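S.K.: Can you read through this structure? Questions will come right after.
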Amino acid sequence: ELESDLKKLQSQLSELYSKLDAARAKAALETDQRESAHDEIRQLGDRIRQMKEERADLGALIDIQKSLRDQHQARRSEDGRNEADINHQRMVAIIEQKEALSRQLNDLLKSKDLWKVEADKHHAAYLAARGEQERLQKEISEKKPQLDSKERALAQLLRIGGPQGQQPPSTHPQHSTSNPNPNPNSSA
Numbered sequence: 733e734l735e736s737d738l739k740k741l742q743s744q745l746s747e748l749y750s751k752l753d754a755a756r757a758k759a760a761l762e763t764d765q766r767e768s769a770h771d772e773i774r775q776l777g778d779r780i781r782q783m784k785e786e787r788a789d790l791g792a793l794i795d796i797q798k799s800l801r802d803q804h805q806a807r808r809s810e811d812g813r814n815e816a817d818i819n820h821q822r823m824v825a826i827i828e829q830k831e832a833l834s835r836q837l838n839d840l841l842k843s844k845d846l847w848k849v850e851a852d853k854h855h856a857a858y859l860a861a862r863g864e865q866e867r868l869q870k871e872i873s874e875k876k877p878q879l880d881s882k883e884r885a886l887a888q889l890l891r892i893g894g895p896q897g898q899q900p901p902s903t904h905p906q907h908s909t910s911n912p913n914p915n916p917n918s919s920a
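Okay, here's the thing in structure tokens:
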């Protein structure tokens, strides 16, 4: 019975150690994936800042073209009107460029939000794996002394003559033998 308890405990501990290794691997994987998501977020953040600066520059260019257009229109000459039209066309082209940039910027902001969600998901999975690790380590630390105790008891029994030497066969019929003497070492 002691041997079967020992084997059962060894099997349980072996399974717990396997699960612990799997939980550690999962935590490491989720950490890597979370870091990748954070790298992506940082890169998007840099690109977003750059695009906001470009958009601000385009806004300043629009103001310049509008001012030039207004100055040329104020002249009321043929050349003035032509120059005003040219400035107006430039301004319209820059406005279109700025609007396209704004759309790209919105797409990047949405992408950044999605990556934040992804990073949070991996962080939650990491925390779950860490929790599982701690639970398994606690279970192992509870079972390990039981295993050590049973191993010591079995070693002690084997030193003084085996399991039959300690228990009469009537108590544990599965250990009974054809020998009517419950203690084979008693004649020694």
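Number 781 in my numbering belongs to position 49 of the sequence shown; there are no gaps in the numbering.
Don't be surprised by glycine CBs; every beta carbon is placed ideally from N, CA and C.
It should be emphasised that the depicted structure is a prediction, and the values quoted were computed from it without experimental measurement.
Give the straight-line distance between the Cα atoms of Gln797 and Gln775, rounded to the nearest whole angstrom.
M.R.: The residue given as residue 797 occupies position 65 in the sequence shown. The residue given as residue 775 occupies position 43 in the sequence shown. Going from the Cα of Gln797 to the Cα of Gln775 covers about 33 Å.
S.K.: Does the beta-carbon of Glu866 have 16 or more other beta-carbons within 10 angstroms, so that it is buried, or is it exposed?
M.R.: Against the sequence shown, residue 866 aligns to sequence position 134. Result: exposed.
S.K.: Who are the Cβ neighbours of Leu886 in its own chain at under 7 Å, not counting the five residues just before and after it?
M.R.: Taking the first residue of the sequence shown as 1, we reach residue 886 at position 154. These residues qualify, in order along the chain: Leu734, Glu735, Leu738.
S.K.: Can you give me the Cβ contacts of Leu879 inside the same chain, cut-off strictly under 8 Å, excluding the 5 residues immediately before and after it?
M.R.: One-based indexing of the sequence shown puts residue 879 at position 147. Taken in chain order, the residues that qualify are Leu738, Leu741, Gln742, Leu745.
S.K.: So, for Leu840: in the same chain, excluding its five sequence neighbours on each side, which residues have a beta-carbon less than 8 Å away from its beta-carbon?
M.R.: Locating residue 840 in the sequence shown gives position 108, counting from the first residue. Contacts found: Leu776, Arg779, Ile780, Met783.
S.K.: Buried or exposed for Tyr858, going by 16 or more other Cβ atoms inside 10 Å?
M.R.: Locating residue 858 in the sequence shown gives position 126, counting from the first residue. The residue in question, Tyr858, is buried, as its Cβ has 16 or more Cβ neighbours within 10 Å.
S.K.: Could you say which of Leu752, His770, Arg822 lies nearest to His855 if we only look at CA atoms?
M.R.: In the sequence shown, residue 855 corresponds to position 123, counting from 1. Minimum Cα distance to His855 is reached at His770.
S.K.: Thinking C-beta only, is Trp847 closer than 9 Å to Glu772?
M.R.: In the sequence shown, counting from the first residue as 1, residue 772 sits at position 40. In the sequence shown, counting from the first residue as 1, residue 847 sits at position 115. Yes, the pair counts as a contact, with Cβ atoms nearer than the cut-off.
S.K.: Is the Cβ-Cβ distance between Glu762 and Ala861 less than 9 Å?
M.R.: In the sequence shown, counting from the first residue as 1, residue 762 sits at position 30. In the sequence shown, counting from the first residue as 1, residue 861 sits at position 129. Cβ distance < 9 Å, so Glu762 and Ala861 count as in contact.
S.K.: With 16 other CB atoms within 10 Å as the buried threshold, where does Arg835 fall?
M.R.: For the purposes of this step, residue 835 is taken as residue 103 along the sequence shown, with counting starting at 1. Burial call: exposed.
S.K.: Report the three-state DSSP secondary structure of Lys768 (helix, strand or coil).
M.R.: For this step, residue 768 is matched to residue 36 along the sequence shown. The sequence given here has Ser at residue 768, not Lys. Three-state result, Ser768: helix.
S.K.: If you count every other CB in all the chains shown that lies within 10 Å of the CB of Ile826, and 16 or more means buried, which is it?
M.R.: Stepping through the sequence shown from its first residue, residue 826 is reached at position 94. Buried.
S.K.: Between Lys1006 and Ser750, what straight-line distance do the alpha-carbon atoms span, to the nearest angstrom?
M.R.: Only positions 733 to 920 of the chain appear in the structure, and residue 1006 is not among them; the question remains open.
S.K.: With distances taken Cα to Cα, identify the nearest neighbour of Asn819 among Arg801, Arg813, Ala832.
M.R.: Here residue 819 corresponds to residue number 87 of the sequence shown, with the count starting at 1. The candidate whose alpha carbon is nearest that of Asn819 is Arg801.
S.K.: Since Leu833 contacts Leu868 with CB under 8 Å, what's their CB separation in whole angstroms?
M.R.: In the sequence shown, the residue the question calls residue 833 occupies position 101. In the sequence shown, the residue the question calls residue 868 occupies position 136. Not confirmed; about 52 Å, so no contact.
S.K.: Rounded to whole angstroms, what is the Cα-Cα separation between His804 and Lys842?
M.R.: Position 72 of the sequence shown, counted from the first residue, corresponds to residue 804. Position 110 of the sequence shown, counted from the first residue, corresponds to residue 842. One C-alpha to the other measures close to 42 Å.
S.K.: Secondary structure at Glu733, three-state DSSP: helix, strand or coil?
M.R.: Position 1 of the sequence shown holds residue 733. Coil at Glu733, not helix or strand.
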